Structures are given as structure tokens and as C-alpha cells.
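J.: First residue of the sequence shown? That's 3 in the numbering used here, and the numbers climb one at a time after it.
Glycine residues also receive a C-beta, built at the ideal position from the N, C-alpha and C atoms.
It should be emphasised that the depicted structure is a prediction, and the values quoted were computed from it without experimental measurement.
Okay, here's the structure, questions in a sec.
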Amino acid sequence: MRRQRVPTTRLCCNVSAIMVLLQMSILVVKCALVSALIVQPRAGTVAPVDDSARVPQFAKSSCGSCGSFAFRDEFLTWLQKECIPHEPLMLPLDDYATPLFPPGPIYLIGDPETTNLAVHLLATPQQSPLFEHSKVDEASKINEKLPDDNPSRWSAVLTGDFLDYQWIHLHQDIWSSEDKKDIVKARLLAKSLQRVSRRHFARKTVVRRIDAPTGATFLHQHHLWGATRAKYTYGLFSKATQELVAVATFSPRRHVMRCGQKFRSHELIRYCACRDEHVVGGITKLLAAFCRDVAPDDIVTCIDRDWGRGDGWHSLGFETVQLMPPLVMAIDKQPNIETDEKIIINRRHLVGAGVTPASSDVQKSPSVFTRPTLSEDIWEDLGNCCLEGELSGADDATKELTALTCLDRHGLAPVYDAGVERLILVIQGSKLEPHVELKRVELGLSPYDKEHLYSAHELWQQSVPTFPNEYYSVSVGVNALLNGARRAFVNKTNNVPANP
């Protein structure tokens, strides 16, 4: 009797069903393992007693305990949904907390065997604290407050093991923002698990100049800082699909005298790939294209220290030359979590290019280049509050408190970032030097002086004009807030090591 042959289509369907069931089983096991991993904190830290103790005791702060715990719960729920291993980092700072180390839960995320990625959660303030600053990587300053009778008491968290963590300072309003939350989640997935939807290779892409609106739209969708005006906009396109996968924007040329020599200096203003994708070698290819077209002598850029340091840029030839103090912004105070009240929490910029009092027309129809700022009446009140009567001659601390009170009167509270890190790439002697040679000949520029070579730090320190090393504003009230942040900032520019 001939055996009946099973149709190939049926076999394929059965195999596909089995594979789907197998993948679901693996996912369930992974989630179970993740749940097991988060029960115990990292060795050497303070062990929690119950679930509420997983959040450091200093989480209950001026940020408001309700907001802090609600933010924490939402963040942990997302980690579990994405099967990201995580554990609380318990730092015993109850007695030694400083303005440089604000209250807020901290979690290590990623592979528990290798991770050094620490996420510091910062809830939106419900009232105006005197200073709420997110520079966690300067926590070593609390060494000065350790008890003399037990100097090694906190050695497990204050030694190099602690300082070697890669810090992400995650603000609640950024996490919850409709425009930014998908970017934040994609970056966390990429940093913790190297999980991206697609991976492109620069050799399989092509560089083209693109128009400003196209670049601005891409940056608004994929960059946390959004778009800004630029002179040059470059796009990286997939050869296979012609899809735009990365964008870089550059400033106009700026002539700077460095060590007595005229430098053609440009700024790399923005770079990003699609938020859930990775382009291997993408920034290098875009920089090379820019060098071939413009022949810069140096390229300056800055990075957001809320998302770590500039270590990744050093491999491209950039060197860190300046750390900026934290920048103050104003934010709508968080509504009471226990009610059903819903409001949009907006972060308002107080300093920066193009930041001017916002008229009602601008607020109703912002462009991709518009950064939210204060209304005209609040700007006026903030500018005048420190000029009234005896306040005009008051000390900085009194002026800062007056400015904070003014913000509070308008339903606003200050938030502070971790500052920015400025880096410079000197083209001479770098991997990009061959890309400028033809353009330099075309422009009639003299060859590089091979006999007099200067380090990036020498060129930066002996520059005219220079980049400012602090923020400033024409508003007296804003300056009072900036001065308060500056006073708490200990890593001044002259403390940047010569060879970081």
C-alpha cells in the first residue's frame, strides 16, 4: 500500500507553528529570568528589605514622592515588558547627600554579568527646590563628608567600580514626552542590549547633501535635541532602498586664531541615525564627505552629558576640551498624581540661540526650529523680580531664591541637565586629513605646517575668539538661576585633564 504523501505546504505550516511556540517559550523563560535577576541588588550594595526599599531612601525628595514612585513604576514596567535585566543600585547617601547628588532611584540595566549602565530617574518637581542637579558622576565629592572613624564605610560604591558606571540621567518629562519617549526607549534598548531593528553598514550607503527641511524633519523625529538651523546638511542613504538612515548638520565657517594660526573652524551641530537603527561607520563617512567639500581645519561638537560622556567620540579623533556647567530650564509643575487631572508638562528653555519671549502667535504655531520658552509676561516678571528695592544689591543666593519664587508663582519649577561636554577634532594628523587635501589645493590654501604641531588642548586654550565656558542671559532672573547652578558645579573647565 502506497504511503500518502503529506503536502509540503502543510509541513511548512506545522514547522512555522512549532517555531512560533518555541520562540514564545524562550520569551517566557527570559522574562522569568529577568524577574529573578531583579530580586537581589548588586553585591556590595545595601540589600533591600522589601519592594519599596528597592528605591533608595533618598527618593522621597522635593521632587515629590508620588511623582518619583509613579515614574519608577512606569519605568520598571517597561523594563520587564522588554525583558531588560535590571537591579537597583543602592547608594547609602542618606546622611551624605549633596546638591551634586540629588535624590532619585538608580537602576543598573543590561547583562548582569557585564553591565555598567546606570539609569538615574529624576521625577518632575512638584515644588521649586533650591537646587536639583543631576551630575551623578561627581558623587565622589561626598568623600569629603565621610566619617573619619570609618573612612572605608562606603568604599563599595565610592571606588572606581562606582565611578566607572556609564550614567544616564532620565528626566520624567523627557520619558513622558510624546515627541521624545520613542527616542528614549530606542536608545535605552540599544545601550542596554544592543537591540536595534536594523543594522546598516556605511559601505552600503551613499552620502548626499540634502535640503534643510528634510534634515530638520529627520532630526525632529530621531534626535533628542530636535532640529536647529545649520549651514550644511548631509544625509546618509541606503544603496539598496534609497532610504534616509542618518543625518549630520554643520555650522558656517568660523575663523579662529589658534596658537597664532588661522583655523577654518566648523561645528558639528547634530548627528543621529534612525532612532531604532544603527549605522556602523555612519558618522565617519559623513565627516569625510564634509571634509572633502569644505576642508575644515577643525570640527567642534558637544554632547549631552545626561546620556553619558564623550568616550565614543574619542575613537573618531575628538578630544574633550571643556565641560559646561548644568543648564537650567523651567518646567510645568507635575499635577497631583492622586487626582485625574491631566496637563501637558512642557520644558521651557531659558538660554540659547534664538530663545526670546514667546508671543501667543509663536506658541500656537511653532516650527521644527522653535524651542519652547516662557511667555512674555513671565519673562518680564522674571527679569524684574531681582531688581526691586534692596534685591538689586543682594547676594547671588538671595537673587536665586527670588527667581525660584517667581517661577513658582507662575506654576513653574526649575530642572537642570548634567551639562554638556565640548570636544574638538583637529584635522591635521587625524584620519580625516587625506580627505581635505584636494579641496585645500583647490582653495589655494598652504600645506599644513608639519614642524609645529600642537595638541588639541593647546589649540583650544590659545584661541581667539573662544567659546564661552558658562551660560549667560540678558535676564537678571535667569542669570540668578544660572549662577546657582554654576556655584554647585565643581568640574570647571580648567579641571579637565590634559589627557582625558
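If you draw a straight line from the C-alpha of Gly421 to the C-alpha of Val323, how long is it?
T.: For this step, residue 421 is matched to residue 419 along the sequence shown. For this step, residue 323 is matched to residue 321 along the sequence shown. Looking at the two C-alpha atoms, the distance is approximately 14 Å.
J.: So what does Asp306 bridge to, in DSSP terms?
T.: The count along the sequence shown starts at 1 and reaches residue 306 at position 304. Asp306 is bridged to Val422.
J.: Does the beta-carbon distance from His224 to Ala192 come in below 9 Å?
T.: Within the sequence shown, numbered from 1, the residue matching residue 224 stands at position 222. Within the sequence shown, numbered from 1, the residue matching residue 192 stands at position 190. Contact: no.
J.: Report the rounded CA-to-CA distance for Asp379 versus Thr79, giving the unit in angstroms.
T.: Here residue 379 refers to the residue found at position 377 when the sequence shown is read from its first residue. Here residue 79 refers to the residue found at position 77 when the sequence shown is read from its first residue. Distance between the alpha carbons of Asp379 and Thr79: 40 Å.
J.: Give the straight-line distance between the Cα atoms of Gln168 and Gly310, rounded to the nearest whole angstrom.
T.: In the sequence shown, counting from the first residue as 1, residue 168 sits at position 166. In the sequence shown, counting from the first residue as 1, residue 310 sits at position 308. One C-alpha to the other measures close to 6 Å.
J.: Assign Leu389 to buried or exposed, taking buried as 16 or more other Cβ atoms, counted over all protein chains shown, within 10 Å of its Cβ.
T.: Taking the first residue of the sequence shown as 1, we reach residue 389 at position 387. Leu389 should be labelled exposed.
J.: For Val302, count the other beta carbons within 10 Å of its own beta carbon; 16 or more makes it buried, fewer makes it exposed. Which is it?
T.: Here residue 302 refers to the residue found at position 300 of the sequence shown. So Val302 counts as buried.
J.: Beta carbon of Trp177, beta carbon of Phe73: below 9 Å?
T.: Within the sequence shown, numbered from 1, the residue matching residue 177 stands at position 175. Within the sequence shown, numbered from 1, the residue matching residue 73 stands at position 71. Result yes, Cβ atoms of Trp177 and Phe73 sit closer than 9 Å.
J.: On the CB-based measure, 16 or more other CB atoms within 10 Å of its CB, does Lys335 come out buried or exposed?
T.: Position 333 of the sequence shown, counted from the start, is the residue given in the question as residue 335. It is buried - the Cβ of Lys335 has at least 16 other Cβ atoms within 10 Å.
J.: Return yes when the Cβ of Thr230 is within less than 9 Å of the Cβ of Ile271, no when it is not.
T.: On the sequence shown, position 269 is the one that residue 271 refers to. On the sequence shown, position 228 is the one that residue 230 refers to. In contact: Ile271 and Thr230 (Cβ atoms closer than 9 Å).
J.: Skipping 5 residues on each side, what residues in its chain have a beta carbon closer than 6 Å to that of Asp299?
T.: Taking the first residue of the sequence shown as 1, we reach residue 299 at position 297. If we look at Asp299 and ignore the five residues flanking it on each side, its Cβ neighbours are Phe265, Arg266 and Ile429.
J.: Which residues does DSSP pair with Ile301 in a beta bridge?
T.: One-based indexing of the sequence shown puts residue 301 at position 299. BP columns for Ile301 point to His268 and Leu427.
J.: Short check: CB of Glu472 to CB of Pro327, under 9 Å?
T.: Here residue 472 is taken as the residue at index 470 of the sequence shown, counted from 1. Here residue 327 is taken as the residue at index 325 of the sequence shown, counted from 1. In contact: Glu472 and Pro327 (Cβ atoms closer than 9 Å).
J.: Would you identify the three-state DSSP class for Ala487, choosing helix, strand or coil?
T.: Locating residue 487 in the sequence shown gives position 485, counting from the first residue. Three-state DSSP puts Ala487 in a helix.
J.: According to DSSP, simplified to helix, strand and coil, what is Pro328?
T.: Working through the sequence shown from its first residue, we reach residue 328 at position 326. Coil.
J.: State the start and end residues of the unbroken alpha helix (DSSP H) segment that holds Thr235.
T.: Reading the sequence shown from its first residue, position 233 is the one you call residue 235. Where Thr235 is concerned, there is no enclosing alpha helix (DSSP H), although the beta strand (DSSP E) it sits in stretches over Tyr234 to Ser240.
J.: Below 8 Å on the Cβ atoms is my contact criterion, and I expect Lys182 with Leu226 to pass it. Report the Cβ-Cβ distance as a whole number of Å.
T.: As a position in the sequence shown, residue 182 is number 180, starting the count at 1. As a position in the sequence shown, residue 226 is number 224, starting the count at 1. Right, the Cβ-Cβ distance comes to about 6 Å (below 8 Å), so this counts as a contact.
J.: Apply the 10 Å Cβ neighbour rule to Arg56 and answer buried if 16 or more other Cβ atoms are within range, or exposed otherwise.
T.: In the sequence shown, counting from the first residue as 1, residue 56 sits at position 54. For Arg56, the predicted model reports a pLDDT of 30, less than 50, meaning its position is unreliable; a value from the coordinates is still stated below. Burial call: buried.
J.: On the DSSP bridge assignment, give the partners of Ser465 in chain order.
T.: In the sequence shown, counting from the first residue as 1, residue 465 sits at position 463. In DSSP, Ser465 forms a bridge with Arg260.
J.: Mind reading off the beta-carbon distance from Lys206 to Ser253? Whole number of angstroms is fine, and I expect it under 8 Å.
T.: Residue mapping note: residue 206 aligns to position 204 of the sequence shown, counting from 1. Residue mapping note: residue 253 aligns to position 251 of the sequence shown, counting from 1. The Cβ separation is near 29 Å, so there is no contact.
J.: Going by alpha carbons, who is nearest to Ile170 out of Leu352, Leu123 and Glu279?
T.: Numbered from its first residue, the sequence shown carries residue 170 at position 168. Of the candidates Leu352, Leu123 and Glu279, the one whose C-alpha sits nearest the C-alpha of Ile170 is Leu123.
J.: Specify whether the stretch 312-323 and the stretch 454-468 touch according to this definition: at least 3 beta carbon pairs, one from each stretch, less than 8 Å apart.
T.: With a cut-off of 8 Å, the stretch 454-468 and the stretch 312-323 count as touching, because enough Cβ pairs lie within range.
J.: Decide if Glu180 is buried, meaning its Cβ has at least 16 other Cβ atoms within 10 Å, or exposed.
T.: Sequence index remark: in the sequence shown, residue 180 carries index 178 (1-based). So Glu180 ends up on the exposed side.
J.: Quick check on the burial criterion: 16 or more other C-beta atoms within 10 angstroms. Buried or exposed for Gly312?
T.: By one-based count along the sequence shown, residue 312 stands at place 310. It is buried - the Cβ of Gly312 has at least 16 other Cβ atoms within 10 Å.
J.: What is the rounded straight-line gap between the Cα of Asn386 and the Cα of Cys304?
T.: Within the sequence shown, residue 386 is the residue found at index 384, counting from 1. Within the sequence shown, residue 304 is the residue found at index 302, counting from 1. Cα to Cα, Asn386 sits roughly 33 Å from Cys304.
J.: Can you give me the C-alpha to C-alpha distance between Arg200 and Ile185, rounded to a whole angstrom?
T.: Numbered from its first residue, the sequence shown carries residue 200 at position 198. Numbered from its first residue, the sequence shown carries residue 185 at position 183. Those two C-alpha atoms are separated by around 15 Å.
J.: Between which two residues does the alpha helix (DSSP H) containing Trp381 stretch?
T.: The residue labelled residue 381 in the question sits at position 379 within the sequence shown. First-last of the alpha helix (DSSP H) with Trp381: Glu378 to Asn386.
J.: For the beta strand (DSSP E) holding Val438, just list the boundary residues, first then last.
T.: To locate residue 438, count along the sequence shown from 1; it is residue 436. Looking at the DSSP string, Val438 is not in any beta strand (DSSP E); the run it does join, the alpha helix (DSSP H), is Glu435 to Glu444.
J.: Drop a sphere of 10 angstroms on the beta-carbon of Lys83, count the other beta-carbons inside from all chains shown, and report buried for 16 or more, exposed for fewer.
T.: Taking the sequence shown and counting its residues from 1, the one referred to as residue 83 is at position 81. Per the 10 Å Cβ criterion, exposed.
J.: Can you tell me the Cβ-Cβ gap for Glu402 and Asn485, rounded? I've got them flagged as a contact below 8 Å.
T.: Within the sequence shown, numbered from 1, the residue matching residue 402 stands at position 400. Within the sequence shown, numbered from 1, the residue matching residue 485 stands at position 483. Confirmed, Cβ separation roughly 7 Å.
J.: Using three-state DSSP, classify Ile285 as helix, strand or coil.
T.: For the purposes of this step, residue 285 is identified with residue 283 of the sequence shown, where counting begins at 1. In the structure shown, Ile285 sits in a helix (DSSP, three-state: H, G or I).
J.: On the DSSP bridge assignment, give the partners of Ala275 in chain order.
T.: Position 273 of the sequence shown, counted from the first residue, corresponds to residue 275. The partner list for Ala275 (beta bridge, DSSP) reads Ala248.
J.: Take Leu447 as the anchor and find which of Glu439, Ala482 and His454 has the nearest alpha-carbon.
T.: Within the sequence shown, the letter at position 445 stands for residue 447. Measuring from the Cα of Leu447, the nearest candidate turns out to be Glu439.
J.: Could you give the DSSP three-state label for Trp169: helix, strand or coil?
T.: For the purposes of this step, residue 169 is identified with residue 167 of the sequence shown, where counting begins at 1. DSSP places Trp169 in strand when its eight states are reduced to three.
J.: Please report whether the beta-carbon of Arg489 lies at a distance below 9 Å from any beta-carbon of chain D.
T.: Judged by its chain identifiers, the structure shown contains no chain D, having just a single protein chain.
J.: Does the Cβ-Cβ distance between Leu190 and Ile86 come in under 9 Å?
T.: The sequence position of residue 190 within the sequence shown is 188, counting from 1. The sequence position of residue 86 within the sequence shown is 84, counting from 1. Against a cut-off of 9 Å, the Cβ pair of Ile86 and Leu190 comes out as a contact.
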